[in-house]
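Shown next, in structure tokens, is the structure this report addresses.
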Amino acid sequence: LSQRRTLIRKSSFIKSEVHAIEDKLKVYRQKKTAPHVDEKVITAWNGLILSALSKAARVWPSPELNKILRKNMDYILSQHQRFNGEMVRRSLHGIVAERAILDDYAFLIDALIELYQTTFDEKYLLKAYELQKIQDKLFYDTQAGNYNLSIETLEILQAYKSFEDQTRPTGQSMSYWNLLRLSYYFMDGNLKKKAHDLLESYPDGLKQVPHVFSSLLIALDFELANHKELVISGKKKECFKALHEISQSFY
């Protein structure tokens, strides 16, 4: 018992000493120039995190998380979309800059679809369909059957097309995934054809090193699966409840 009390006293002394040292370090660090904080809001990156959190919200339902997701998405749509419907790439303290590139559209459209599947709020699905039309108008290469990265005049950007999924999906693979889902939601055969043409345009490496095209293969797995259409009829609130219960059963 005596040894235990001694250890407790020593432990308390050590903690107080550590706190004192931390306070001194804090005072010293405040005298130094703080590191730069990148506060840019990038459309594509917000799309990636919104998509991931929307999926998480379906597994672990949370009204608070749903509220955050809606607020974030509504901010991007209100601040990063111009009057002509086109998106901008980034903003800083409310000042927007640069026309959006393929990744911005593809990742945001994916986030809108995922958010719709979480909240069943049709405005997000309709917005995804609207942005897909704009993406196709701006970036679709009718001869190649795939998408250009940018519409800017720089030839290197127009010619550059990335197909390999690295640390994040490419705009091509995400567009394939978006086209497939939207074609089913809106029974749009034109989008389905574009999805198939996009798949056909992929390089031979898809067969040789398939693991490099992981995001595309996830979408392809969806396309090759046997689809079933479920119709739920009734009052809107009751239908939403049934849909939530059904979606929850998969996790």
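Letter 78 of the sequence shown, counting from 1, is numbered 78 in the working numbering, and no numbers are missing. Just so you know, even glycine gets a beta-carbon here, dropped at the ideal spot from N, CA and C.
Reducing DSSP to helix, strand and coil, say where residue i ends up.
i, result
"residue 174", "helix"
"residue 141", "strand"
"residue 154", "For residue 154, the predicted structure reports a pLDDT of 49, less than 50, and the residue's modelled location is therefore unreliable. A value from the coordinates is still provided. It is coil, neither helix nor strand."
"residue 91", "strand"
"residue 30", "helix"
"residue 181", "helix"
"residue 225", "coil"
Taking 8 Å as the threshold (C-beta atoms), are residue j and residue i in contact?
i, j, result
"residue 146", "residue 198", "yes"
"residue 115", "residue 105", "no"
"residue 108", "residue 87", "yes"
"residue 164", "residue 213", "yes"
"residue 201", "residue 144", "yes"
Taking buried to mean at least 16 other C-beta atoms within 10 Å of its own C-beta, is residue i buried or exposed?
i, result
"residue 166", "exposed"
"residue 60", "exposed"
"residue 154", "Because residue 154 carries a pLDDT of 49, less than 50, the predicted location of this residue cannot be relied on, and the following value inherits that uncertainty. Exposed."
"residue 221", "exposed"
"residue 210", "exposed"
"residue 30", "exposed"
"residue 75", "exposed"
"residue 110", "buried"
"residue 91", "buried"
For residue i, which beta-bridge partners are listed by DSSP?
i, result
"residue 18", "DSSP, once it has assigned bridges, lists no residue as partnering residue 18."
"residue 81", "87"
At least 3 beta-carbon pairs within less than 8 Å: the segment 232-241 vs the segment 169-188
The segment 232-241 vs the segment 169-188: no contact.
The segment 27-42 touching the segment 90-104, judged by at least three CB pairs closer than 8 Å:
Yes, since at least three Cβ pairs between the segment 27-42 and the segment 90-104 fall closer than 8 Å, the two stretches touch.
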